[in-house]
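Asks:
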Amino acid sequence: MKTIELLKFLQSKIGGELDFKAAVGHENHILSIPRLLVEIQNEHVRFEIKNKTELFINVYSVPPHLLKIYHENFVTKLLDKVHLHAEIKIGDEEFDDKYVIEFAKPEVAQKTMTAEFKDCILNLEPFIIFQMTKRDYTLVKNISKNYDVDCAVNDIKNMVKIVKVCCEVWEE
2 MKTIELLKFL QSKIGGELDF KAAVGHENHI LSIPRLLVEI QNEHVRFEIK
52 NKTELFINVY SVPPHLLKIY HENFVTKLLD KVHLHAEIKI GDEEFDDKYV
102 IEFAKPEVAQ KTMTAEFKDC ILNLEPFIIF QMTKRDYTLV KNISKNYDVD
152 CAVNDIKNMV KIVKVCCEVW EE
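Just so we're aligned, residue 2 is where the sequence shown starts under our numbering, counting upward by one.
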């Protein structure tokens, strides 16, 4: 499915406004980046496709802190063994072995990583990166031929749930 088709099908399922962001590309050519803006469960969400292979899902709610999660790989595992990686461990062996967690203090990451939060992260698979920035929650996915509207709907449900979980944990 072409990228714009995915966004159009998604718009037909969840609503929102489809537009195109102008960006300067190679040799100053103007590129048109398709995106879908929608409100889901009182959260402003943007779906944006970059490089025709990556889908960015942004939920515009300010996270309680910074956090970045991506998959362990050979290099990060090697750096772990020689204690040269600043990765955070949360005390869940299975989760710690699968993911790299960065940009938060260990106690902050541990508090955030409730069972419900971790379950949402697992439900976002496969993904490239999940992060909580200063202004939003961002998920980056590689759009494969198997990625469809139902996958996107599932991803956004999990992203919105993560926002709710973080609000609950940090409002205590």
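Even glycine gets a Cβ: it sits at the ideal position worked out from N, Cα and C. These figures come from a predicted structure and were not determined experimentally.
1) Would you give the residue range spanned by the beta strand (DSSP E) that Asn59 belongs to?
2) Below 8 angstroms, can you find three or more Cβ-Cβ pairs linking the stretch 62-76 to the stretch 142-155?
3) In chain order, what residues of the same chain have a beta carbon less than 8 angstroms from the beta carbon of Tyr100, not counting five sequence neighbours either side?
4) Could you tell me which of Asn52, Cys167 and Glu55 sits nearest to Val109, measuring between CA atoms?
5) How far does the beta strand (DSSP E) with Ile15 in it extend, from its first residue to its last?
6) Starting from Phe118 and walking both ways along the beta strand (DSSP E), at which residues does that stretch end?
7) Please look up how many angstroms separate the CB atoms of Leu37 and Leu8, rounded, as I've assumed it's under 8 angstroms.
8) Identify every residue that forms a DSSP beta bridge with Ile91.
9) Among Glu6, Glu18 and Gly92, which has the Cα closest to the Cα of Lys53?
10) Looking only at DSSP bridge pairs, what is Ile144 linked to?
11) Please say whether Met114 and Ile130 have beta carbons closer to each other than 9 angstroms?
12) Over the uninterrupted beta strand (DSSP E) stretch that includes Gln42, give me the two end residues.
13) Measuring alpha carbon to alpha carbon, tell me which residue in Val60, Lys158 and Glu55 is nearest Lys142.
14) Residues in the same chain with beta-carbon distance under 7 angstroms from Val164, minus the five sequence neighbours each way, listed in chain order, please.
15) Check the DSSP bridge columns for His72 and list the partner residues they point to.
16) Counting C-beta neighbours from all protein chains within 10 Å, is the total for Asp156 16 or more, i.e. buried, or is it exposed?
17) Output the distance between the C-alpha atoms of Lys106 and Leu140, rounded to the nearest integer angstrom.
18) Looking only at its chain, what residues have a beta carbon closer than 6 angstroms to the beta carbon of Gln42, apart from the 5 residues adjacent to it on each side?
Replies: Per the coordinate set shown:
1) Mapped onto the sequence shown, residue 59 falls at position 58. Unbroken beta strand (DSSP E) run through Asn59: Glu55 to Val60.
2) no
3) Locating residue 100 in the sequence shown gives position 99, where the first residue counts as 1. Cβ within range, chain order: Ile70, Tyr71, His72, Glu73 and Ile122.
4) The residue labelled residue 109 in the question sits at position 108 within the sequence shown. Val109 has its Cα closest to that of Cys167, out of Asn52, Cys167 and Glu55.
5) The residue labelled residue 15 in the question sits at position 14 within the sequence shown. Ile15 -> not in any beta strand (DSSP E); alpha helix (DSSP H) instead, spanning Thr4 to Ile15.
6) For this step, residue 118 is matched to residue 117 along the sequence shown. Premise fails: Phe118 lies in the alpha helix (DSSP H), Ala116 to Asn124, not in any beta strand (DSSP E).
7) The sequence position of residue 37 within the sequence shown is 36, counting from 1. The sequence position of residue 8 within the sequence shown is 7, counting from 1. The C-beta distance from Leu37 to Leu8 rounds to 5 angstroms, short enough to fall under 8 angstroms.
8) Residue mapping note: residue 91 aligns to position 90 of the sequence shown, counting from 1. Beta-bridge analysis with DSSP links Ile91 to no other residue.
9) Locating residue 53 in the sequence shown gives position 52, counting from the first residue. That would be Glu6, whose Cα lies nearest to the Cα of Lys53.
10) Along the sequence shown, one-based indexing puts residue 144 at 143. BP columns for Ile144 are empty, so no partner.
11) In the sequence shown, the residue the question calls residue 130 occupies position 129. In the sequence shown, the residue the question calls residue 114 occupies position 113. Not closer than 9 angstroms, so no.
12) Within the sequence shown, numbered from 1, the residue matching residue 42 stands at position 41. Where Gln42 is concerned, there is no enclosing beta strand (DSSP E), given that its DSSP letter is neither H nor E.
13) To locate residue 142, count along the sequence shown from 1; it is residue 141. Taking only the C-alpha atoms, the option nearest Lys142 is Glu55.
14) For this step, residue 164 is matched to residue 163 along the sequence shown. Result list for Val164: Glu44, Val60, Ser62 and Tyr138, in chain order.
15) As a working note, residue 72 is residue 71 in the sequence shown. His72 is bridged to Tyr100.
16) Taking the sequence shown and counting its residues from 1, the one referred to as residue 156 is at position 155. Answer is buried; the Cβ neighbour count reaches 16.
17) Numbered from 1 along the sequence shown, position 105 holds the residue referred to as residue 106. Numbered from 1 along the sequence shown, position 139 holds the residue referred to as residue 140. For Lys106 and Leu140, the distance between alpha carbons rounds to 21 angstroms.
18) In the sequence shown, the residue the question calls residue 42 occupies position 41. Hits under 6 angstroms: Val161.
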